[in-house]
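What follows is a single structure, written as structure tokens, with notes after it.
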Amino acid sequence: MTATATPVLEVSGLGKSFLGVAALQDVGFTLREGSVLGLIGPNGSGKSTALDCITGFTRPDSGQVRLRGRDISGRPAHQIARSGLVRTFQTIRLYDELTVGEHLGLALRGLSAEDAGSDDLRQYWLEAFKLLRFRDAPAGILSYGQKKLVALAAVLVARPAVVLLDEPLAGVNPLVIEVIDQAIKHANEAGQTFLIIEHNVEFITSCCAEVVVLDAGRKLAEGPPSVIWDDPAVYEAFLGRKADDDDDTR
Ligand SMILES: Nc1ncnc2c1ncn2[C@@H]1O[C@H](COP(=O)(O)OP(=O)(O)OP(=O)(O)O)[C@@H](O)[C@H]1O
Ligand SMILES: [Mg+2]
């Protein structure tokens with residue numbers, strides 16, 4: 000992937016207010032073919048709202064979203080998903096009564112037999128996500144980490160071209176983090192493009208060539224992780240000012 004790779008998703012001037020309070024203001028960035036772009040920022044900085052606006056789950060007040068050059072702003076979520084732009088949610092959304100296997104089956108619904116792939120392929124995904132022995136278990140009995148794996152597997156199994164993930168690692172243990180990290184890297188090597196919201200610095204640094212930083216609904220910075228972590232403005236946004244910088248006259 001190079002900085003000149005084709006733009007897949009172009010977001011510009013995105014704005015959204017809730018009850019008069021701005022959650023997003025004039026946010027723009029470009030996601031390029033085959034890349035993994037990180038979207039980071041402190042709690043409440045507008046990351047999930049940006050994903051909601053891009054994927055049609057929230058209607059933005061202003062701005063434009065282009066998928067492969069086509070304006071998809073304001074389109075309904077199901078239509079956007081059908082054009083190959085698929086997401087996960089910060090809060091897991093599964094059907095407790097449906098089994099793990101049925102969740103993957105649902106994700107493949109609507110695909111041609113060729114696109115859906117063979118049973119062997121589904122088996123491969125279950126194995127890659129360490130979910131094989133839970134194939135016939137209802138999602139409701141799974142642990143939180145296992146549910147996170149099902150939610151991600153159900154998105155990746157259909158091999159959408161562009162995948163948007165909202166905190167895929169939040170609240171899961173290091174072994175599950177490793178499984179998710181590997182699955183994303185494999186899917187990316189196989190050609191899928193990712194936009195990933197995550198607070199895990201190590202993961203962002205190892206997965207993302209570029210990072211966009213939001214702060215209080217605005218884009219604060221963008222660039223390679225090594226540059227972003229050295230940016231005092233980013234440090235300040237996440238942690239406040241350093242104690243020894245304080246002009247404390249109390
Ligand atoms: N449906 C809503 N109604 C009212 N306010 C909302 C709504 N959704 C988000 N907000 C507000 O918009 C702002 C941005 O929220 P958002 O969830 O996008 O942040 P975030 O960066 O994803 O945070 P976190 O890291 O905690 O997930 C916050 O002030 C939040 O309270
Ligand atoms: Mg969020």
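The opening residue of the sequence shown carries number 0 in numbering that gives the first Met the number 0; numbering runs sequentially from there.
The beta carbon of each residue, even a glycine, is placed where N, CA and C say it ideally should be.
Rounded to the nearest angstrom, the gap between the Cα atoms of ASP180 and GLY19 is 38 Å.
The C-beta of VAL175 has 16 or more other C-beta atoms within 10 Å across all chains shown, which makes the residue buried.
Contiguous beta strand (DSSP E) elements confined to the stretch 144-195 occur at 161-165, taking only those with 3 or more residues. Each of ARG69, VAL162, CYS52 was checked against the Cα of GLY14, and the nearest Cα belongs to CYS52. Within the same chain, and ignoring the five residues on either side of GLN89 in sequence, the residues whose Cβ sits closer than 6 Å to its Cβ are SER47, ASP165, GLU166. For PHE128, the three-state secondary structure derived from DSSP is coil.
In the three-state reduction of the DSSP assignment, GLU101 falls in the helix class. If you check the CB distance, SER72 and GLN63 come in under 8 Å. The stretch 144-156 and the stretch 209-217 do not touch, with fewer than 3 CB-CB distances between them shorter than 8 Å.
Shortest Cα-Cα distance from GLY222 to any of GLU32, LEU36, VAL10 involves LEU36. If you look at PHE133, you'll find it isn't in any alpha helix (DSSP H); DSSP assigns it neither H nor E.
With at least 16 other beta carbons inside 10 angstroms of its own, THR87 counts as buried. In terms of Cα proximity to THR54, the closest of ALA80, GLY68, ASP70 is ALA80. Taking 8 Å as the cut-off, the Cβ atoms of LEU130 and LEU105 do not count as close. The C-beta distance from PRO224 to THR192 rounds to 18 Å, too long to fall under 8 Å, and the pair is not in contact.
DSSP, read as helix, strand or coil, puts ILE39 in strand.
Checking the 7 Å criterion, the Cβ of LYS46 is within range of a heavy atom belonging to ligand 2. Remark: C-beta atoms of LEU50 and LEU30 do not approach each other more closely than 8 Å. Under the three-state reduction of DSSP, SER225 is assigned to helix.
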